Amino acid sequence: MASPDRNESKPLSAGDELDSLRARVARLETRSPPRSRPRFRSFFAVLLILLAALLTPLSAVAAWARNDVGDTDRYVAMVTPLASDPDVQHAVSKRVTDVLMTHLDVHSLVQQVAPADRPVLDKALGRLSAPLTAGITDFVQGTVDKFVASDAFEKVWVGLNRNAHAAVVKALTGSGGGAVKLTDDTVVIDLAPVIDRVKRLLVDQGLTIAAKIPEVHTDFTVLTSDAIGKAKKGFLVLQLAGFWLPLLTLLLAAGGVLLAVRRRRALVTAALAVAVGGAVLGLALSVFRAFYLDSLPDTVSQPAAASVFDALVVYLRGVVRLVVTLGVVVALAAWLSGGGRAATRVKAMWNGGIGAVRDAAGLTGGPVGAWVHRAKRWLNWTVVVVAAAVLLVWDRPTGLVTVWIALGALFALAVVEFLDDDSTPHLLPAPHG
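With the sequence shown counted from 1, adding 167 to any position gets you the working numbering.
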């Protein structure tokens, strides 16, 4: 019988195995620490995503300054509705009436009477001077109100703002000129064209003395703030950065996601961070509006100023809604595509519910269902990308438009799930009892 091989290893006892494990741990501890690349990657990923979130409000403002305030057609589109705004109409009417009445009073009418008859007329008027002045004021006020409420005023208003758009930019960049100017941190519009049209209407209605009113220039305040003088220094920079800053913000967010170790979690974080940045801008607009209106002088109509402010930032608020909506949708899509417990449960409810409806109806996908099953992941992402692209290219999407796009995407995803046929039955739960 052959003798056992001396080199053959004997089975280790429990104590020997424990000693061996301890020796291995000791060797591992003596080795140099592993390179901490994941930590550096995570740090820079978080840093890039944080920068993207911080730049989101500034990017939105820069895009607004370049595309809306800096573009004549879009600026006119913003201010055109103000011509039919009741508060603006009332403020303009009051301002024009007050200016006209400083050049149109009872004493001016008396000057038209022959010199020989003036003493008699002055004595006859006597105590009627004040009521007569009030009557003339009411007549002028009524004429101005009718003109301001007419389509002719809207044409004058639009033409005035279109021609003066270069001066609006001048108010923030310091170059140009026109009917709109920056005076003592106040942006004002010269209402001389409106006064001239009202003068002609008064003459046509028999108040011929209005023809002798000289050319009058009066200002209608559009914006007034101590910060305007400071804002104009940075407006040109924002206008120049209106294209590159949003692109940089997007690249920073994408870089943070690609650099992260867990990219899906980073995508959720980046999308929510950008959405929070947009929401912060929306909150800042509301707070600034309240402080701005509260700081207006008594000579400025606060309701009209509120209407002007809302008109000028209407598209900026639309950008805020767009950024918040896109951020939430992308974060939700990335979360649902993961394998987390909650996400898996939601997907199971979605897939099981639609599959059970299909099975209960007795429908089979056939070759189409098999193809959809193979390409299901790409089809779902295509729906999300198309919905996001439609929302991005939509000119000034409103809240209702955003809701309809989201519902359309949800319906398309449901259709994909309904057509998916992997030959697995999705039975409805049996009723109890």
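No residue lacks a Cβ here, since even glycine has one placed at the ideal position from N, Cα and C.
Treat the numbers as computed from the prediction; the structure is a model and nothing was measured.
Separation of ALA579 from THR264, as counted between CA atoms:
As a working mapping, residue 264 is identified with position 97 in the sequence shown. As a working mapping, residue 579 is identified with position 412 in the sequence shown. In a straight line, the C-alpha of THR264 is about 59 Å away from that of ALA579.
How many Å lie between ARG329 and ILE356 at the Cα?
As a working note, residue 329 is residue 162 in the sequence shown. As a working note, residue 356 is residue 189 in the sequence shown. In a straight line, the C-alpha of ARG329 is about 12 Å away from that of ILE356.
Going by beta carbon distance, what residues of the same chain come within less than 7 Å of LEU489, once the five residues before and after it are set aside?
Within the sequence shown, numbered from 1, the residue matching residue 489 stands at position 322. Once the five neighbours on either side are set aside, the close Cβ partners of LEU489 are LEU558, PRO564.
Nonlocal neighbours in the same chain, by C-beta distance under 8 Å from SER474, ignoring five residues either side:
Numbered from its first residue, the sequence shown carries residue 474 at position 307. Excluding positions up to five away in sequence, the list reads LEU249, ASP252, ASP254, VAL255.
Quick one: Cα of ILE441 to Cα of HIS257, how far?
In the sequence shown, the residue the question calls residue 441 occupies position 274. In the sequence shown, the residue the question calls residue 257 occupies position 90. It should be pointed out that residue 441 corresponds to Val in this sequence rather than to Ile. Taking the straight line joining both Cα atoms gives about 41 Å.
Tell me the start and end of each unbroken alpha helix (DSSP H) in the region 201 to 259 that is at least 4 residues and wholly inside, in chain order.
204 to 231, 239 to 246
Check ASP477 in the structure and name its three-state DSSP category.
Counted from its first residue, the sequence shown places residue 477 at position 310. In the structure shown, ASP477 sits in a helix (DSSP, three-state: H, G or I).
Spatial neighbours of LEU586 within its chain, please: C-beta separation below 8 Å, excluding the five flanking residues on both sides.
Start at 1 with the first residue of the sequence shown, and residue 586 comes out as number 419. Same-chain partners within the cutoff: GLY532, VAL535, GLY536, VAL539.
Local conformation of ASP526 per DSSP, three classes:
For the purposes of this step, residue 526 is taken as residue 359 along the sequence shown, with counting starting at 1. If DSSP states are grouped into helix, strand and coil, ASP526 belongs with the helices.
Please state whether DSSP places ILE356 in a helix, a strand or coil.
As a first step, residue 356 must be located in the sequence shown, where it is residue number 189. It is a strand residue.
TRP231: buried (16+ other C-beta within 10 angstroms of its C-beta) or exposed?
Within the sequence shown, the letter at position 64 stands for residue 231. Buried, because 16 or more other Cβ atoms sit within 10 Å of the Cβ of TRP231.
Residues of its chain near GLY422, where Cβ-Cβ distance is below 7 Å and the 5 sequence neighbours each way are ignored:
The residue given as residue 422 occupies position 255 in the sequence shown. Same-chain partners within the cutoff: LEU215.
Please confirm if the region 320 to 329 is in contact with the region 356 to 366, defined as three or more CB-CB distances below 8 Å between the two stretches.
yes
In chain order, what residues of the same chain have a beta carbon less than 6 Å from the beta carbon of VAL311, not counting five sequence neighbours either side?
The residue given as residue 311 occupies position 144 in the sequence shown. Contacts found: SER260, VAL263, THR264, VAL365.
Measuring straight from C-alpha to C-alpha, what distance separates VAL443 and ALA219?
Translated into the one-based positions of the sequence shown, residue 443 becomes position 276. Translated into the one-based positions of the sequence shown, residue 219 becomes position 52. Spanning the two alpha carbons is a distance of roughly 11 Å.
When you compare the CB positions of VAL487 and GLY449, do they come within less than 8 Å of one another, or not?
Taking the sequence shown and counting its residues from 1, the one referred to as residue 487 is at position 320. Taking the sequence shown and counting its residues from 1, the one referred to as residue 449 is at position 282. Contact: yes.
Which residue comes first and which comes last in the alpha helix (DSSP H) that contains HIS270?
To locate residue 270, count along the sequence shown from 1; it is residue 103. From DSSP, HIS270 is part of no alpha helix (DSSP H); its letter is neither H nor E.
Residue range of the alpha helix (DSSP H) that ARG429 falls in?
Position 262 of the sequence shown, counted from the first residue, corresponds to residue 429. Where ARG429 is concerned, there is no enclosing alpha helix (DSSP H), given that its DSSP letter is neither H nor E.
Look up TRP387 in the DSSP assignment and say whether it is helix, strand or coil.
As a position in the sequence shown, residue 387 is number 220, starting the count at 1. In the sequence as displayed, the identity of residue 387 is Phe instead of Trp. Note: PHE387 maps to strand in three-state DSSP.
Suppose you measure from the CA of ARG541 to the CA of ASP526; what does that come to, to the nearest Å?
By 1-based counting over the sequence shown, the position of residue 541 is 374. By 1-based counting over the sequence shown, the position of residue 526 is 359. C-alpha separation (whole angstroms): 19 Å.
PRO534, enclosing alpha helix (DSSP H) - first and last residue
As a first step, residue 534 is located in the sequence shown; it is residue number 367 there, counting from the start. PRO534 -> alpha helix (DSSP H) spans 533 to 541.
In whole angstroms, give me the CA-to-CA distance for GLN372 and ASN234.
On the sequence shown, position 205 is the one that residue 372 refers to. On the sequence shown, position 67 is the one that residue 234 refers to. For GLN372 and ASN234, the distance between alpha carbons rounds to 45 Å.
Tell me, to the nearest whole angstrom, how far the beta carbon of ALA438 is from that of VAL497; I am working on the premise that it is less than 8 Å.
As a first step, residue 438 must be located in the sequence shown, where it is residue number 271. As a first step, residue 497 must be located in the sequence shown, where it is residue number 330. The Cβ separation is near 4 Å, so the contact holds.
Consult DSSP for TRP502 and reduce its assignment to one of helix, strand or coil.
Indexing the sequence shown from 1 puts residue 502 at position 335. If DSSP states are grouped into helix, strand and coil, TRP502 belongs with the helices.
Reference ALA446, options GLY494, LYS543, LEU503, closest by Cα
Locating residue 446 in the sequence shown gives position 279, counting from the first residue. If we check each option's Cα against that of ALA446, GLY494 comes out closest.
Who are the Cβ neighbours of ALA581 in its own chain at under 7 Å, not counting the five residues just before and after it?
On the sequence shown, position 414 is the one that residue 581 refers to. These residues qualify, in order along the chain: ILE521.
Could you work out which residue in ALA377, TRP411, VAL246 is closest to VAL323 when comparing CA atoms only?
For the purposes of this step, residue 323 is taken as residue 156 along the sequence shown, with counting starting at 1. If we check each option's Cα against that of VAL323, VAL246 comes out closest.
Taking the straight line between their C-alpha atoms, what separation do you get for ALA523 and TRP517?
As a first step, residue 523 must be located in the sequence shown, where it is residue number 356. As a first step, residue 517 must be located in the sequence shown, where it is residue number 350. Using only the alpha carbons, I get a separation of about 10 Å.
My guess is that LEU222 and LEU415 are in contact by the Cβ rule of under 8 Å, so how many angstroms apart are they, rounded?
Working through the sequence shown from its first residue, we reach residue 222 at position 55. Working through the sequence shown from its first residue, we reach residue 415 at position 248. Sure, about 7 Å apart at Cβ, within 8 Å.
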